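One structure is given below, encoded as structure tokens.
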Amino acid sequence: MKKLLTAICLIFSFSLIFAQEKEKSEWSRAGMSEVPSQKRPKRPDASRVRDLDNTDLDGRQKSADILKFGLEDEILELLGKMTERRDERFVDEAYDLYEETRSVAVKEGIMNFFKEMEDPCLEDYAIMILNEPFEESASTVNAAFSYVGTLKTRDAIPAVEQILESDNEKYYNGAIEALGKIGGSDEAMYLTEYFENEDLTLPQKQSLVKTLGLLKASETFEKLVEMAENEDENTFVRMYASEAIGQIGASDSAYSEKAIDSLTDLYKDRDPNLRAYVVKGIANFHGKEAEELLIQAIRDSHAKVRLEAISAIRKNAVQSAVPYLVYRAKTDPDTNVKNACYPAIAELNTVEGNTYLVEQLSEKKTGDGAKAKIVAALLEFDHAGNQEVASLAEEVIFDERRKSLRYAIGKEMAKWGRASYESTCRLYLSSSDVPTQGTALDIYAKGRYASLTPSVRSLADRASPENKRDANAIKAAKILGVDWEKKGSSSSDAK
Numbered sequence: 280m281k282k283l284l285t286a287i288c289l290i291f292s293f294s295l296i297f298a299q300e301k302e303k304s305e306w307s308r309a310g311m312s313e314v315p316s317q318k319r320p321k322r323p324d325a326s327r328v329r330d331l332d333n334t335d336l337d338g339r340q341k342s343a344d345i346l347k348f349g350l351e352d353e354i355l356e357l358l359g360k361m362t363e364r365r366d367e368r369f370v371d372e373a374y375d376l377y378e379e380t381r382s383v384a385v386k387e388g389i390m391n392f393f394k395e396m397e398d399p400c401l402e403d404y405a406i407m408i409l410n411e412p413f414e415e416s417a418s419t420v421n422a423a424f425s426y427v428g429t430l431k432t433r434d435a436i437p438a439v440e441q442i443l444e445s446d447n448e449k450y451y452n453g454a455i456e457a458l459g460k461i462g463g464s465d466e467a468m469y470l471t472e473y474f475e476n477e478d479l480t481l482p483q484k485q486s487l488v489k490t491l492g493l494l495k496a497s498e499t500f501e502k503l504v505e506m507a508e509n510e511d512e513n514t515f516v517r518m519y520a521s522e523a524i525g526q527i528g529a530s531d532s533a534y535s536e537k538a539i540d541s542l543t544d545l546y547k548d549r550d551p552n553l554r555a556y557v558v559k560g561i562a563n564f565h566g567k568e569a570e571e572l573l574i575q576a577i578r579d580s581h582a583k584v585r586l587e588a589i590s591a592i593r594k595n596a597v598q599s600a601v602p603y604l605v606y607r608a609k610t611d612p613d614t615n616v617k618n619a620c621y622p623a624i625a626e627l628n629t630v631e632g633n634t635y636l637v638e639q640l641s642e643k644k645t646g647d648g649a650k651a652k653i654v655a656a657l658l659e660f661d662h663a664g665n666q667e668v669a670s671l672a673e674e675v676i677f678d679e680r681r682k683s684l685r686y687a688i689g690k691e692m693a694k695w696g697r698a699s700y701e702s703t704c705r706l707y708l709s710s711s712d713v714p715t716q717g718t719a720l721d722i723y724a725k726g727r728y729a730s731l732t733p734s735v736r737s738l739a740d741r742a743s744p745e746n747k748r749d750a751n752a753i754k755a756a757k758i759l760g761v762d763w764e765k766k767g768s769s770s771s772d773a774k
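Residues in the sequence shown are numbered consecutively from 280, following our numbering.
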């Protein structure tokens with residue numbers, strides 16, 4: 280009898296364990312990830328390559344040589360520039376270097392480059408790192424987390440969950456954030472289990488709340504509202520919960536009305552940090568109630584809330600907010616808020632807004648610093664003001680007291696290279712001021728104006744090894760592809 284009872288107990292225990300494991304398997308697939316097949320980088324866009332070649336005065340060969348022969352510091356500096364410019368000319372060289380280098384820093388720099396390029400060519404390497412994270416440095420593992428998160432590499436999910444279940448604190452935030460970017464409803468259910476864990480540290484709790492919002496885990500909506508409304512809860516938890524409420528409410532119509540009501544009520548809180556995150560939350564909604572809260576937030580007493588409101592207004596294209604943005608641009612005591620208003624007004628593209636921005640270019644009371652910001656905004660969105668910007672450039676071209684504005688206008692034009700900039704480029708090219716003329720060459724390199732090519736060629740003709748001090752002559756030669764370094768040697772050989 281005793282043996283029978285023991286056997287029954289054992290069977291019951293195994294059944295219970297089996298049931299628990301079965302239940303766990305429904306929401307957890309933690310384990311080794313299958314490594315995808317190897318692949319080369321995406322082919323560069325030909326027009327983008329031409330554009331980069333036109334503005335890279337040092338030429339492609341120098342960068343290619345650095346990737347092949349350079350020191351670690353030189354390679355890292357180049358990778359930083361490539362990442363910033365999204366320079367896709369050297370993707371094959373960077374990929375080959377990743378396979379052969381033994382430098383951890385260079386590998387991480389290359390992975391970051393391909394992450395910013397959103398190129399999946401390193402997915403196999405990233406998953407291999409996550410399958411064996413304890414064989415790598417923490418920075419390498421975090422680079423892999425960031426890469427698979429940005430690329431939304433779902434193949435990495437088992438490995439990420441396995442790291443999360445290892446309870447290694449140094450990987451917790453990276454794993455949680457990656458899962459938030461990669462995952463879906465299954466991963467939301469998986470992380471919901473962690474939500475009730477009382478042993479979570481405060482930083483872990485904060486990361487988890489942010490991630491549940493990214494995953495739009497509607498199962499946690501009520502709990503998130505409770506946390507956001509609890510004044511005794513940690514401020515950052517309340518902030519992230521407020522943003523998550525908006526993310527979940529916007530994705531699930533069953534919670535939309537309650538999310539808007541909750542966020543509207545939370546906006547009454549005295550903590551400006553919380554109000555800023557309420558604005559982040561409400562930015563997920565369109566409609567009258569959301570727009571009213573955003574317009575109210577433009578007039579918040581704290582600049583950080585106003586800045587968040589301006590960002591949300593741009594995101595949601597709230598044209599009804601333009602009069603408020605114009606007023607803030609005129610009167611706001613915070614310079615950062617004023618500067619944020621200019622591109623917002625330009626992007627929203629209303630008659631009132633465009634008229635205000637254009638008028639500021641000729642307004643004597645508007646400082647040159649503000650005018651430079653307005654020029655940048657107008658040229659970026661290209662809805663209005665091209666002629667007025669050209670007139671302003673003509674106004675400052677010979678005024679030595681306003682050099683900084685002159686350079687700022689040229690720098691912005693050099694970003695876009697539009698046909699309408701040709702007259703300004705000609706004006707700058709005729710200047711005797713070396714930096715002004717150099718800026719003209721930058722504009723020309725982007726726009727390639729046929730009528731100005733003779734002038735640029737004439738400038739390039741002055742370049743030679745004996746005339747290395749003439750920076751603009753050498754710059755012009757590089758733009759036109761003239762091999763200026765051989766000029767002197769060929770003439771001396773002839774002698």
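For every residue, glycine included, the Cβ atom is placed at its ideal position computed from N, Cα and C.
Since the model is a prediction, treat every value here as computed from it, not as a measurement.
Roughly how many angstroms separate the alpha carbons of G566 and G388, rounded to a whole number?
-> Residue 566 sits at position 287 when you count from the first residue of the sequence shown. Residue 388 sits at position 109 when you count from the first residue of the sequence shown. Straight-line Cα distance between these residues: approximately 43 Å.
If you drop the 5 nearest sequence neighbours on each side, which residues of the same chain put their C-beta closer than 6 Å to that of V761?
-> Locating residue 761 in the sequence shown gives position 482, counting from the first residue. Excluding positions up to five away in sequence, the list reads A739.
Presumed contact (8 Å Cβ cut-off) between A523 and L491, rounded CB distance | Within the sequence shown, the letter at position 244 stands for residue 523. Within the sequence shown, the letter at position 212 stands for residue 491. With 8 Å as the limit, A523 and L491 qualify as a contact, their Cβ atoms being about 6 Å apart.
Answer yes if the stretch 639–646 comes into contact with the stretch 581–601, meaning at least three C-beta pairs across the two stretches below 8 Å, and no otherwise.
-> no
Indicate the three-state DSSP secondary structure (helix, strand or coil) for S743 in the structure shown.
-> On the sequence shown, residue 743 is found 464 positions in, with the first residue counted as 1. S743: coil per DSSP, three-state reduction.
Assuming Q666 contacts K650 (C-beta within less than 8 Å), just tell me the rounded distance between them.
-> Translated into the one-based positions of the sequence shown, residue 666 becomes position 387. Translated into the one-based positions of the sequence shown, residue 650 becomes position 371. Actually they are not in contact, since the Cβ atoms of Q666 and K650 sit about 15 Å apart, beyond 8 Å.
Should Y450 and I442 be called a contact, given that it needs their Cβ atoms to be closer than 8 Å?
-> On the sequence shown, residue 450 is found 171 positions in, with the first residue counted as 1. On the sequence shown, residue 442 is found 163 positions in, with the first residue counted as 1. Result yes, Cβ atoms of Y450 and I442 sit closer than 8 Å.
Buried versus exposed call for E673 [16 or more other C-beta atoms within 10 Å across all chains shown] = The residue labelled residue 673 in the question sits at position 394 within the sequence shown. Exposed.
Please state whether DSSP places S304 in a helix, a strand or coil.
-> Here residue 304 corresponds to residue number 25 of the sequence shown, with the count starting at 1. In this prediction, S304 scores a pLDDT of 39, lower than 50, which makes its location untrustworthy; no coordinate-derived value is stated.
Note down, in chain order, each residue of its chain lying with its Cβ closer than 8 Å to the Cβ of M311, except the 5 sequence neighbours on either side.
-> Mapped onto the sequence shown, residue 311 falls at position 32. Same-chain partners within the cutoff: N410, P437, A438, Q441.
Three-state class that DSSP yields for T645 in the structure shown | To locate residue 645, count along the sequence shown from 1; it is residue 366. Coil.
Just reading off the alpha helix (DSSP H) that P622 is part of, what are its end residues?
-> Position 343 of the sequence shown holds residue 622. Residues 614–627.
Every unbroken alpha helix (DSSP H) within the stretch 663–720, with a cutoff of 4 residues, ordered by chain | 665–675, 682–695, 701–708
E736 versus A538, P744, A724, residue with shortest Cα-Cα distance = Taking the sequence shown and counting its residues from 1, the one referred to as residue 736 is at position 457. A quick correction: the sequence has Arg, not Glu, at residue 736. With distances taken between Cα atoms, R736 lies closest to A724.
Report the option in K489, V558, N552 whose CA atom is closest to the CA atom of D540.
-> By 1-based counting over the sequence shown, the position of residue 540 is 261. When each option's Cα is compared against that of D540, the closest is V558.
For E353, which residues from the same chain have a beta carbon less than 7 Å from its beta carbon, with the 5 sequence-adjacent residues on both sides left out?
-> Counting from 1 along the sequence shown, the entry for residue 353 is found at position 74. So the list reads I345, once near-sequence residues are dropped.
Q526, enclosing alpha helix (DSSP H) - first and last residue | Residue mapping note: residue 526 aligns to position 247 of the sequence shown, counting from 1. It spans 514–530 - the alpha helix (DSSP H) in which Q526 sits, taken as one unbroken run.
Since I believe T718 is in contact with Y707 (beta carbons under 8 Å), could you give me their beta-carbon distance rounded to a whole number of angstroms?
-> What you label residue 707 is simply residue 428 of the sequence shown in a count that begins at 1. What you label residue 718 is simply residue 439 of the sequence shown in a count that begins at 1. Yes, Y707 and T718 are in contact; Cβ-Cβ is about 6 Å, under 8 Å.
Rounded to the nearest angstrom, how far is the Cβ of P323 from that of V370, given a contact under 8 Å?
-> As a working mapping, residue 323 is identified with position 44 in the sequence shown. As a working mapping, residue 370 is identified with position 91 in the sequence shown. Contact holds; Cβ gap of about 6 Å.
Work out the CA separation of R748 and E764 for me, nearest whole Å.
-> For the purposes of this step, residue 764 is identified with residue 485 of the sequence shown, where counting begins at 1. For the purposes of this step, residue 748 is identified with residue 469 of the sequence shown, where counting begins at 1. Looking at the two C-alpha atoms, the distance is approximately 13 Å.
Within the same chain, show all residues whose beta-carbon is closer than 7 Å to that of N751, passing over the 5 residues directly before and after it, in chain order.
-> Translated into the one-based positions of the sequence shown, residue 751 becomes position 472. V713, Q716, G717, L720, L738, listed in sequence order.
Can you say whether G726 is buried or exposed, counting buried as having 16 or more other CB atoms within 10 angstroms of its CB?
-> As a first step, residue 726 is located in the sequence shown; it is residue number 447 there, counting from the start. Buried, because 16 or more other Cβ atoms sit within 10 Å of the Cβ of G726.
Integer-rounded CB distance, given that E402 should sit under 8 Å from P315 = Taking the sequence shown and counting its residues from 1, one reaches residue 315 at position 36. Taking the sequence shown and counting its residues from 1, one reaches residue 402 at position 123. Between E402 and P315 the Cβ distance is about 5 Å, and since that is below 8 Å, they are a contact.
Determine the DSSP secondary structure at A596, reduced to helix, strand or coil.
-> The sequence position of residue 596 within the sequence shown is 317, counting from 1. Coil at A596, not helix or strand.
Do you know offhand how far Y377's Cα is from K347's?
-> Reading the sequence shown from its first residue, position 98 is the one you call residue 377. Reading the sequence shown from its first residue, position 68 is the one you call residue 347. Straight-line Cα distance between these residues: approximately 11 Å.
Compare the Cα-Cα distances from E363 to each of N391, E444, D531, K386 and report the closest residue.
-> By 1-based counting over the sequence shown, the position of residue 363 is 84. Comparing Cα positions, the closest option is N391.
Cβ of C400 within 8 Å of Cβ of K318?
-> Within the sequence shown, numbered from 1, the residue matching residue 400 stands at position 121. Within the sequence shown, numbered from 1, the residue matching residue 318 stands at position 39. In contact: C400 and K318 (Cβ atoms closer than 8 Å).
Considering only the beta carbon of each residue, do E397 and T419 sit closer than 8 Å?
-> Taking the sequence shown and counting its residues from 1, one reaches residue 397 at position 118. Taking the sequence shown and counting its residues from 1, one reaches residue 419 at position 140. Not a contact, by the Cβ cut-off of 8 Å.
Report, in whole angstroms, the separation of the C-beta atoms of A435 and A405, which I expect to be a contact under 8 Å.
-> Within the sequence shown, numbered from 1, the residue matching residue 435 stands at position 156. Within the sequence shown, numbered from 1, the residue matching residue 405 stands at position 126. The Cβ separation is near 7 Å, so the contact holds.
Secondary structure, alpha helix (DSSP H): runs of 4+ residues fully inside the stretch 339–364 | 351–364
Could you give the residue range of the alpha helix (DSSP H) that holds R319?
-> Counted from its first residue, the sequence shown places residue 319 at position 40. R319 -> no alpha helix (DSSP H), and no H or E assigned at all.
Alpha carbon to alpha carbon, how far is E691 from A655? Give it in angstroms, no decimals.
-> On the sequence shown, position 376 is the one that residue 655 refers to. On the sequence shown, position 412 is the one that residue 691 refers to. Approximately 6 Å, taken between the alpha carbons.
Along the chain, where does the alpha helix (DSSP H) that runs through K449 open and close?
-> Numbered from its first residue, the sequence shown carries residue 449 at position 170. Note, K449: alpha helix (DSSP H), 448–461.
Identify which residue in R365, L350, A507, L494 has its Cα closest to the Cα of R517.
-> Position 238 of the sequence shown, counted from the start, is the residue given in the question as residue 517. Of the candidates R365, L350, A507, L494, the one whose C-alpha sits nearest the C-alpha of R517 is A507.
Going by Cα to Cα distance, which pick from A496, E477, E587 is closest to M468?
-> In the sequence shown, residue 468 corresponds to position 189, counting from 1. Out of A496, E477, E587, A496 has the C-alpha closest to the C-alpha of M468.
List the endpoints of the continuous alpha helix (DSSP H) containing N476.
-> Position 197 of the sequence shown, counted from the start, is the residue given in the question as residue 476. Where N476 is concerned, there is no enclosing alpha helix (DSSP H), given that its DSSP letter is neither H nor E.
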